[in-house]
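Quick notes on the structure that follows.
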Amino acid sequence: MELLEWDARSYDSLPLPHRRWGAGVLERLALSGDESVLDLGCGTGRDAELLLDAFPQGRVVAVDGSAQMLAQLRSRLADRLDRVTVLEADIREPLTLDDSVDAAISVATLHWLPDHDVVFRSVAAALRPGGRFIAEAGGAGNVAAFRAALRDVSGSDGAEVWNFAGVDETRQRLEDAGFVDIEVGLVPDPAHLERGEQLEAFLATVLLGAQLRELPPERRRPLVEAVAERLAEPVIDYVRLRLSATRP
Ligand SMILES: C[S@@+](CC[C@H](N)C(=O)[O-])C[C@H]1O[C@@H](n2cnc3c(N)ncnc32)[C@H](O)[C@@H]1O
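Numbering (my numbering), first residue to last: 4 to 251.
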């Protein structure tokens, strides 16, 4: 399947819970300040910006498959690009870096990747010994009400698009990739939106990108409106998979 392009400007204009999720991941990383950090699925670079602002000696290896997201990242970090390595890559495939990194993060991305064995092995190979990997993404049970609404209006709940993994399988995959000190959990974290334009922009930009891409332009807005209308409340019932692990 082709990589999905993202509407980076719309993405950055939305009240995304991703900001909070990213800040939480960085906090759990507990950096001392001079580390290099791999950000898998870095998007428009918000978490890279947080990190570079907090740590003037810090460096980021920012990896994403969307040219639009990376263009927005380059513009956001224009005055700090000397501390950023930007890689446009499809992380469904094994990733090889020139130099190892001290830590790795991934925010709201793993559920777009069908094979977490591949991803976890890429991260393990990129980390120096002792390096930490902290990530969060949609997990088992994520956006169940939204998926039911989508199924009602389109006949499919998006199972072919997302990989919402559970705790035990994720722990096993991290172990198989050679990680230790593994912690994995699932946390409900609903996002409350305003009905109308905000909810519809959120659905179109964040959740329905893969479905909309398959439709002719004139059928896109009706799908978004139908799903929005079908939701009993303007709430995205997120359930987050949170993980941390160390490369021995
Ligand atoms: C929901 S966004 C999260 C972006 C950012 N981490 C944040 O929290 O705002 C998911 C990101 O994963 C990227 N992505 C999805 N599948 C990918 C793939 N196969 N290879 C590389 N990047 C991918 C998308 O381009 C997008 O930027």
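The beta carbon of each residue, even a glycine, is placed where N, CA and C say it ideally should be. As the structure is a prediction and not an experimental result, all values here were calculated from the model.
By the DSSP assignment, the beta strand (DSSP E) with residue i in it spans what residues?
i      : result
Thr173 : Counting along the chain, Thr173 falls outside any beta strand (DSSP E), though it belongs to the alpha helix (DSSP H) covering Val170 to Asp179.
Where does residue i fall in DSSP's three states?
i      : result
Ala329 : In the structure as shown, the chain begins at 4 and stops at 251. Residue 329 is therefore absent and cannot be evaluated.
Glu8   : coil
Ala162 : coil
Ala26  : helix
Can you list, in chain order, the residues of its chain with a C-beta nearer than 7 Å to that of residue i? Leave out the 5 residues immediately preceding and following it.
i      : result
Glu3   : Since the displayed the chain opens at 4 and closes at 251, residue 3 lies outside it and no answer follows.
Ile185 : Arg174, Leu177, Glu178 and Ala248
Ala147 : Asp240
Arg150 : Asp160 and Gly161
Kindly indicate the opening and closing residues of the alpha helix (DSSP H) around residue i.
i      : result
Ser125 : His119 to Ala129
Ser13  : Ala11 to Ser16
Asp155 : Ala147 to Ser157
Please check if any C-beta of chain D sits within less than 9 Å of the C-beta of residue i.
i      : result
Ala207 : In summary, chain D is missing from the structure at hand, where a single protein chain is found.
Once the 5 residues before and after residue i are set aside, which same chain residues still bring their CB inside 8 Å of it?
i     : result
Gly61 : Leu34, Gly36, Asp37, Glu38, Ser39, Val40, Leu54, Leu55 and Arg86
Leu32 : Val40, Ala106, Ile108, Arg135 and Ile137
Leu17 : Gln201, Ala204, Phe205, Thr208 and Val209
Glu96 : Val121
Could you pull out every residue in the same chain whose Cβ sits closer than 6 Å to the Cβ of residue i, ignoring the five residues on either side in sequence?
i      : result
Ala74  : none
Gly68  : Leu6 and Asp93
Gly169 : Ala143
Glu165 : The amino acid occupying residue 165 in the given sequence is Trp; Glu does not appear at that position. Here the set comprises His114.
Pro117 : Asn166
Between residue i and residue j, what straight-line distance do the alpha-carbon atoms span, to the nearest angstrom?
i      : j      : result
Gln214 : Val89  : 28 Å
Arg23  : Glu172 : 26 Å
Gly158 : Tyr241 : 21 Å
Ala26  : Arg245 : 13 Å
Arg154 : Ala81  : 42 Å
Ser103 : Pro220 : 43 Å
Arg223 : His21  : 24 Å
Pro132 : Gly48  : 26 Å
Ala152 : Arg233 : 5 Å
Leu130 : Arg124 : 10 Å
Glu91  : Glu30  : 26 Å
Val187 : Arg243 : 10 Å
Ala127 : Pro225 : 43 Å
Ala11  : Met72  : 5 Å
Pro191 : Ala162 : 19 Å
Val122 : Val110 : 13 Å
Asp42  : Glu236 : 33 Å
Gly212 : Val156 : 16 Å
Thr112 : Asp160 : 19 Å
Ala65  : His195 : 29 Å
Pro59  : Pro251 : 27 Å
With a threshold of 8 Å, establish whether the CB of residue i neighbours any heavy atom of ligand 3.
i      : result
Trp165 : Although ligand 3 was asked about, the structure shown includes only ligand 1 as ligands.
| request: With a floor of 4 residues, list each alpha helix (DSSP H) that falls wholly inside the region 168-251, ordered by position along the chain. | output: If you keep only unbroken alpha helix (DSSP H) runs of at least 4 residues inside the region 168-251, you get 170-179, 200-205, 212-216 and 223-233.
Write down every uninterrupted run of the beta strand (DSSP E) in the region 33-108 whose length is 3 residues or greater and which is fully enclosed by it, in chain order.
-> 39-43, 62-67 and 87-91
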